[in-house]
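Those letters in the sequence shown? Residues -7 to 631, by the working numbering.
Positions of the beta carbon are idealized from the N, C-alpha and C atoms, including for glycine.
Note that the structure is predicted; figures quoted are calculated from it, not measured.
What follows is a single structure, written as structure tokens, with notes after it.
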Amino acid sequence: MWVNCWGNPIIRVDLTSGRIEKESIEEKLLKKFLLGRGIGDWLFFNNVDPRKSDALSPDNVLIFSSGILTGTNFPGAVRNSIVSLNVLTGGYGESSCGGYFSSKLKQAGYDGLIIQGKSPKPVFLWINDDSIRIKDASKLTGRTTFEASDIIKKEINDGSASICTIGPAGEKLVRYALINCDNRYVGRCGMGAIMGSKNLKAIAIQGTKTVKVFNIRKLKKIAVRIRRLLINDPIMQTKIKYGMGKENETYNELNLLPVKNFQEVGFDRISEIGYDELKKYYKNIIYCPNCPINCDRLVQINEGEPYGGTSVSSMEAGPAYNMSHFLIDDMPTIIKAFELLNGYGLDMHSWSNCMQWAIECFERGIINRKDTDNLDLRWRDGPLLLESIRRIAFREGEFGNLLAEGVAKASKKIGRGSEKYAMQMKGMEIDDELRVDKGMSFGILTESRGPGHTLGAYFGGFDKSMTAEKAKILYGTENAAKAEVYDDKADLVVLTERYAAIQDCLGICWFASYRSAPQLIDKYNMGTYAELIGETTGWNVSEEELIEIAERILTVERSINLLAGLERKDEYPPDRFFKPIPKGPRKGMALKREALDTLFKRHSILHNWDPETGIPYRKTLEDMGLTQIMDKLESAGKY
Ligand code: SF4
């Protein structure tokens, strides 16, 4: 059985009524937004009014959107875009993961899935090619993501089905609950809490059809070319050889490893939790379909050792990075924390940020044992951190309940000046050091979903192979190689935002592309994407047209945030990032407000938005065919 690469039905599941429908998307809309993140954004805009809806209310929708290339053999084409209201910011939310879900969705015959309403009791959705059923999930309540996934596979009698599931944190509506998709994690924006708010414990999917493309011979040729390019690239070779396990040490070397709630930068015991230590626990490589990088590793602690029997995958740089913030220097504690976070279903970045805020406030005497349910909070306390994960996931006690709300709401509730130590923007927890690499930071500040580094952050400033000469050739400016320089960084971020937008519509993983290896841009770029769309769909689209599509996508996301009440002022980070780094090789570095003012203006000019406010001009929206957005912005008083 065959299925098209795009133009397949979208499934709409109304969990309130139990109604399941299939809808088609007109071709002209596909050509305006493509698939993946692009069409996901547009479907979201047409289904939810951010002015009226709360992320956790039944009228919010959760959209799973497959990329144009997912389900084919193209390297790294596995990404699943999930679009909804962001539980933490109230504005645009998007998160994605690798694995099998996106490919299976396409292979089952669908481009996407819209979940709306709220089921009266816990359920899971079982999509098995043409059969779509809502099934009782009462017995899964309180189960970890790992347990739920195993139980569902047994119940549907299909060990190779792809499973997206939430843990107790999602059920308890922790605002940064994640979705576990085949042990890859859709972490940011609280998508797990949205599933929980709909009483949807899991989605299981099996697809057995073959994806039909326009010119399989030519698509294979491009796939071979890109596969060769990736496996011969030095940055990718590090990932192939070590997984992502070396990256935390690299961040530390580059002075990108903040500790103690961004009070300092750099961890002097990094070697104790570096790659050499991590590899002692490596058991297997975990594969994504057709990806030559295979960056994921399963780690396991042997019985008899501390935390023996612990086992978790996707053990890349993130866990060690996040535990370094607390000065944790033993690998078993890091592995155990990561297993608990993923099993209970909490985003490690937001959890770590919330706990760092709490510890700093405790140290400063702003909060005390009365606020923490008798816990003493301090740095370098592994058992405390493990305990906090359970309390937050289950909203145990006042302290667990407080931190389950996220750092913005928690600090507001506590007051007493604690807001000053909440390292958040737009309501979402900051994960990255912002004072050092200006291209990376500026992309994080302008990211539509809140402070994240996947939609626009430019990473060339710290690429060791990017000399000034090479930067000039590849990007037209030597500043593309200079992390500390502000000049040209708005242009580089806009370039990255456009590439990321189209790449997310194709479903290509950013670890296997230009976005994590900026020196590949002359060989793997917008021209390649145009070529890929042509050979996959038969639509002969140009690079210029793809830039227009990217701009449309970014403008829709901007408008969703504006409708949700987010403004230019919300794009500036907390004061701490304007104060000098107190020690280390980058001592004295800080963000400069005036330099950011200039970058924000340039960023808006490049997008055809008002440079003073960041609001898209009416003419921009008209030219993009987005008059519905213009009307909504008008009625929201934005003009
Ligand atoms: S780079 Fe890693 S996450 Fe991305 S597709 Fe390949 S294996 Fe999966």
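Handout entry: Reduced DSSP secondary structure (H/G/I, E/B, other) of Val486
Key = Your numbering for residue 486 matches position 494 in the sequence shown. Assignment of Val486 by DSSP, reduced to helix, strand and coil, places it in the helix class.
Handout entry: Pick from Asp623, Asp567 and Tyr609 that is closest to Gln255, judged by C-alpha positions
Key = Residue numbering aside, residue 255 sits at position 263 when the sequence shown is read from its first letter. Comparing Cα-Cα distances from Gln255 to each of Asp623, Asp567 and Tyr609, the minimum goes to Asp567.
Exercise for the section: Give me every residue whose Cβ sits closer than 6 Å to any heavy atom of the ligand SF4, in chain order. Expected result: Gly68, Val70, Gly90, Cys280, Cys283, Ile285, Asn286, Cys287, Asp288, Cys501, Phe503 and Ala504
Practice task
Just mark Gln229 as buried or exposed, buried being the case when its beta carbon has 16 or more other beta carbons within 10 Å.
Solution key: Here residue 229 corresponds to residue number 237 of the sequence shown, with the count starting at 1. By the neighbour-count rule (16 or more Cβ atoms within 10 Å), Gln229 is not buried but exposed.
Problem - Cutoff 6 Å; reference Lys579; Cβ partners in own chain excluding five residues on either side - result: Here residue 579 refers to the residue found at position 587 when the sequence shown is read from its first residue. Answer for Lys579: Ile573, listed in chain order.
Problem - Beta-carbon spacing of Ala473, Gly452 below 8 Å - result: Along the sequence shown, one-based indexing puts residue 473 at 481. Along the sequence shown, one-based indexing puts residue 452 at 460. Yes, they are a contact pair.
Practice task
Measure the alpha-carbon distance for Ala463 versus His595 and round it to whole angstroms.
Solution key: Position 471 of the sequence shown, counted from the first residue, corresponds to residue 463. Position 603 of the sequence shown, counted from the first residue, corresponds to residue 595. Distance between the alpha carbons of Ala463 and His595: 20 Å.
Problem - Close-in-space but distant-in-sequence residues of the same chain around Ile327 (CB under 8 Å, 5 per side omitted) - result: The residue given as residue 327 occupies position 335 in the sequence shown. Around Ile327: Tyr273, Val291, Ile293, Tyr299, Thr302, Val304, Met307 and Pro311.
Practice task
Check the C-beta distance from Glu632 over to Lys401 and give it rounded, since I have them as a contact under 8 Å.
Solution key: Within the shown structure, residues of the chain are numbered from -7 to 631, placing residue 632 beyond reach of any answer.
Problem - Per-residue DSSP class, three states only, for Asn172 - result: Looking up residue 172 in the sequence shown gives position 180. Correct three-state label for Asn172: strand.
Problem - Residues that Arg125 bridges to, as DSSP identifies them - result: On the sequence shown, residue 125 is found 133 positions in, with the first residue counted as 1. Paired residue(s): Trp118.
Exercise for the section: Could you please give me the residues that DSSP links to Asp288 through a beta bridge? Expected result: Translated into positions along the sequence shown, residue 288 becomes position 296. Looking at the DSSP assignment, Asp288 forms a beta bridge with Ile278.
Handout entry: Helix, strand or coil at Phe570 according to DSSP, with G and I counted as helix
Key = Taking the first residue of the sequence shown as 1, we reach residue 570 at position 578. Here Phe570 sits in helix by DSSP.
Practice task
Have a look at Lys190 and Leu170 and give me their C-alpha separation to the nearest angstrom.
Solution key: Residue mapping note: residue 190 aligns to position 198 of the sequence shown, counting from 1. Residue mapping note: residue 170 aligns to position 178 of the sequence shown, counting from 1. The straight-line gap from Cα to Cα measures roughly 14 Å.
Exercise for the section: Would you kindly work out how many angstroms separate the C-alpha atoms of Asn360 and Phe569, rounded to a whole number? Expected result: As a position in the sequence shown, residue 360 is number 368, starting the count at 1. As a position in the sequence shown, residue 569 is number 577, starting the count at 1. Computed Cα separation, rounded: 26 Å.
Handout entry: From Ile17, Gly30 and Leu618, residue whose alpha carbon lies closest to that of Leu538
Key = As a first step, residue 538 must be located in the sequence shown, where it is residue number 546. When each option's Cα is compared against that of Leu538, the closest is Gly30.
Practice task
Any chance you could list the beta strand (DSSP E) runs of at least 3 consecutive residues sitting entirely within the segment 463 to 509, in chain order?
Solution key: none
Problem - Residues of its chain near Ile107, where Cβ-Cβ distance is below 7 Å and the 5 sequence neighbours each way are ignored - result: Along the sequence shown, read from residue 1 onward, the residue named residue 107 stands at position 115. Same-chain partners within the cutoff: Val5, Leu7, Val53, Leu54, Lys190 and Leu192.
Practice task
Go ahead and label Ser534 buried or exposed: buried means 16 or more other beta carbons lie within 10 angstroms of its beta carbon, across all protein chains shown.
Solution key: Your numbering for residue 534 matches position 542 in the sequence shown. Classification for Ser534: exposed.
Problem - Length of the line joining the Cα atoms of Glu461 and Ile227 - result: Along the sequence shown, read from residue 1 onward, the residue named residue 461 stands at position 469. Along the sequence shown, read from residue 1 onward, the residue named residue 227 stands at position 235. C-alpha separation (whole angstroms): 19 Å.
Practice task
Please determine, among Asp322, Asn314, Leu333 and Asp321, the residue with the shortest C-alpha to C-alpha distance to Gln348.
Solution key: For the purposes of this step, residue 348 is taken as residue 356 along the sequence shown, with counting starting at 1. It is Asn314 whose Cα lies nearest to the Cα of Gln348.
Exercise for the section: Have a look at Met188 and Asp46 and give me their C-alpha separation to the nearest angstrom. Expected result: Locating residue 188 in the sequence shown gives position 196, counting from the first residue. Locating residue 46 in the sequence shown gives position 54, counting from the first residue. Position check: residue 188 holds Gly in this sequence, whereas Met was assumed. So the two alpha carbons sit approximately 14 Å from each other.
Exercise for the section: Determine, using beta carbons only, whether Leu248 and Val428 come nearer to each other than 8 Å. Expected result: Translated into the one-based positions of the sequence shown, residue 248 becomes position 256. Translated into the one-based positions of the sequence shown, residue 428 becomes position 436. Going by C-beta atoms, Leu248 is nearer than 8 Å to Val428.
Handout entry: CB contact flag (Arg560, Thr605, <8 Å)
Key = The sequence position of residue 560 within the sequence shown is 568, counting from 1. The sequence position of residue 605 within the sequence shown is 613, counting from 1. It is a contact, given that the beta carbons lie within the stated cut-off.
Handout entry: DSSP bridge partner residues for Arg217 (one or two, in chain order)
Key = Your numbering for residue 217 matches position 225 in the sequence shown. Answer by DSSP bridge pairing: none, since Arg217 is not bridged.
Exercise for the section: Kindly indicate which three-state DSSP category Asn360 falls into: helix, strand or coil? Expected result: The sequence position of residue 360 within the sequence shown is 368, counting from 1. If DSSP states are grouped into helix, strand and coil, Asn360 belongs with coil.
Problem - 3-residue-minimum beta strand (DSSP E) runs that sit fully inside the segment 11 to 85, ordered along the chain - result: When DSSP assignments are scanned along the segment 11 to 85, the uninterrupted stretches of beta strand (DSSP E) that are 3 or more residues long and fall wholly within it turn out to be 11 to 15, 54 to 58 and 72 to 77.
Problem - Entirely enclosed alpha helix (DSSP H) segments - the segment 185 to 234, minimum 4 residues - result: 208 to 224 and 226 to 234
Problem - Segment limits, beta strand (DSSP E) that includes Gly409 - result: What you label residue 409 is simply residue 417 of the sequence shown in a count that begins at 1. First-last for Gly409: undefined, no H or E at that position.
Practice task
Indicate whether the contact test is met: 3 or more Cβ pairs, each with one atom in the segment 335 to 344 and one in the segment 160 to 174, closer than 8 Å.
Solution key: yes
Handout entry: Contacting residues, own chain, Cβ-Cβ under 6 Å from Thr325 (five flanking each side not counted)
Key = Stepping through the sequence shown from its first residue, residue 325 is reached at position 333. Result list for Thr325: Gly374, in chain order.
Exercise for the section: Assuming Ala100 and Ile197 form a contact by the criterion Cβ under 8 Å, report the distance between their Cβ atoms to the nearest whole angstrom. Expected result: Here residue 100 corresponds to residue number 108 of the sequence shown, with the count starting at 1. Here residue 197 corresponds to residue number 205 of the sequence shown, with the count starting at 1. Ala100 to Ile197, Cβ: 6 Å. Contact.
Handout entry: Contacting residues, own chain, Cβ-Cβ under 6 Å from His317 (five flanking each side not counted)
Key = In the sequence shown, the residue the question calls residue 317 occupies position 325. Counting only Cβ-Cβ distances below 6 Å, and skipping sequence neighbours, we find Val251, Ser344 and Gln348.
Exercise for the section: For the segment 148 to 160 and the segment 11 to 30, state whether three or more C-beta atom pairs, one from each stretch, are separated by less than 8 Å. Expected result: The segment 148 to 160 vs the segment 11 to 30: no contact.
Handout entry: Counterpart residues of Gly104 in DSSP-defined beta bridges
Key = In the sequence shown, the residue the question calls residue 104 occupies position 112. The partner list for Gly104 (beta bridge, DSSP) reads Ile2 and Ser57.
Practice task
Using only alpha-carbon positions, find the residue among Val79, Gly617, Tyr413 and Val115 that is nearest to Ser9.
Solution key: Taking the first residue of the sequence shown as position 1, residue 9 is located at position 17. Cα-wise, what sits closest to Ser9 is Val115.
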